[in-house]
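Below is one structure, written out as structure tokens; the observations come after it.
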Amino acid sequence: MTGESNGLVNFIKSRGLNHRQFRSLLEEIGADYGDLVYCCEVRWLSRGKMLKRFWELIEKVIEFLRGKKKDKEVASMTDLAWQADLTFLVDMAQHLNDLNLKLQGKNQLVCQLANQISAFRTKLQLFRQQAASGNFVHFPTFQSHLQKSQDIDTKVYVAKLDTLVQSFNSRFHDFDQCRLLMKLFADPFSVSVDDLSAEYQLELTDLQASDELRATYRENSLLDFYRTLPDTFPNLKDNALVHTIMFGSTYCCEQAFSQMKLNKSNTRNQLTDDNLEAILRLLTSNIKPDFSKLADDMQHHPSH
């Protein structure tokens with residue numbers, strides 16, 4: 000389905016004459032949108048936006064393709080079952096895009112990412128249960144299309160949701176196995192001592208009995224809390240270290256890629272790989288150099 004949509008979009012966008020004619024058509028009929036969104040194969044966010052825009056312009060696209068004698072494509076796009084698949088995919092892609100955006104936030108720890116994944120898996124179960132009873136309230140585009148045709152077999156989409164649920168369960172089953180230790184890291188004062196292995200029980204008992212440490216936990220960030228945690232809690236600190244080094248890297252990667260594009264331009268063709276690496280490390284690091292101390296430590300007048 001996405002392949003067909005991508006092909007039609009790229010057919011319109013990649014040929015200059017087609018593209019200009021399509022934009023002229025949209026301008027003539029006063030369409031709300033002036034163009035289609037170009038889709039890149041490796042970016043799911045752009046793909047989701049492309050699908051939504053494609054559906055919103057479906058009638059205009061059909062009209063344009065009729066003028067181009069694309070009879071096969073027109074036959075597919077006017078089929079109600081094909082349109083049902085597309086509208087379902089539009090809504091599902093939107094849900095996945097929302098999850099994707101939440102996972103791309105800055106400075107997110109693994110426990111925060113796991114919570115987002117857990118919430119989405121619960122949503123999928125809800126979608127599946129509601130779909131089994133014919134309720135697609137969380138799929139507004141698809142539900143609106145169903146009102147045009149009562150012959151659409153919705154059991155097909157229940158099966159698709161089943162497949163997606165199984166895929167998420169398989170992909171993220173590791174989170175289920177370490178859920179308790181992750182919760183111990185994120186909220187040690189809410190974990191039951193009896194649920195933990197012996198190595199953590201005594202330390203957690205002391206921690207939960209300390210009003211001072213409880214206040215420190217409430218008043219500081221999670222990482223600052225563990226930085227100030229006394230060495231008398233070695234196992235809890237080790238568990239925190241394990242979970243701290245697992246973090247969402249998407250923001251860092253996107254930031255590094257953007258900085259690389261900004262610095263590695265045609266006007267800087269003499270930039271070496273070593274220099275570029277040093278620039279990226281400086282631009283993406285949260286550590287600020289103490290320039291005053293560095294300057295004071297320098298030998299200003301070399302001896303003769």
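Residue numbers (numbering that gives the first Met the number 0): 0 to 303. We treat Cβ as the ideally placed atom computed from N, Cα and C, and that holds for glycine. Note that the structure is predicted; figures quoted are calculated from it, not measured.
- If you draw a straight line from the Cα of Gln149 to the Cα of Glu72, it is about 24 Å long.
- Bounds of the alpha helix (DSSP H) holding Lys154 are 154-170.
- For Ile116, the closest C-alpha among the options Arg178, Leu88, Ala74, Gly47 is that of Arg178.
- Going by beta carbons, Leu123 and Phe167 fall inside the 9 Å limit.
- Straight across, the Cα-Cα distance linking Asp289 with Ala185 is about 32 Å.
- For Thr121, the enclosing alpha helix (DSSP H) covers residues 109-131.
- For Phe184, the three-state secondary structure derived from DSSP is helix.
- Looking at the DSSP output, Phe246 shares a beta bridge with Leu108.
- If you draw a straight line from the Cα of Leu95 to the Cα of Gly133, it is about 21 Å long.
- Nearest to Thr243 by C-alpha distance, out of Ala214, Ser220, Lys154, is Ser220.
- A residue is called buried once 16 or more other Cβ atoms fall within 10 Å of its Cβ, and Asp152, having fewer, is exposed.
- About 7 Å separates the beta carbon of Leu206 from that of Leu235, a gap short enough to meet the 8 Å contact definition.
- Sequence-distant Cβ neighbours of Thr140 in its own chain, meaning closer than 7 Å and more than five residues away, are Trp54, Thr86, Val89, Asp90.
- In the three-state reduction of the DSSP assignment, Ile151 falls in the coil class, being assigned neither a helical nor a strand state.
- Only buried fits Cys110, as 16 or more other CB atoms lie within 10 angstroms of its CB.
- For the options Ser191, Phe126, Leu180, the alpha carbon positioned closest to that of Lys159 is the one of Phe126.
- Residues of the same chain with a CB within less than 8 Å of the CB of Pro187, apart from the 5 flanking positions on each side, are Leu203, Leu206, Gln207, Tyr216, Leu235 in chain order.
- Contact annotation: His144 and Leu79 have beta-carbon atoms nearer than 9 Å.
- Residue environment: Ala130 is assigned as buried (16 or more neighbouring CB atoms within 10 Å of its CB, all protein chains considered).
- Per DSSP, the continuous alpha helix (DSSP H) segment holding Thr140 begins and ends at 139-145.
- Residue range 57-66 is occupied by the alpha helix (DSSP H) that includes Ile57.
- Exclusion of the five residues before and after Phe174 leaves Ala113 as the residues of its chain whose Cβ lies within less than 6 Å of its Cβ.
- If you draw a straight line from the Cα of Ile286 to the Cα of Met259, it comes to about 19 Å.
- With distances taken between CA atoms, Arg213 lies nearest to Ser189 out of Gln103, Pro233, Ser189, Ala239.
- By the Cβ neighbour-count rule, Leu270 is exposed, with fewer than 16 other Cβ atoms within 10 Å of its own.
- Rounded to whole angstroms, the gap between the alpha carbons of Gly47 and Ala92 is 5 Å.
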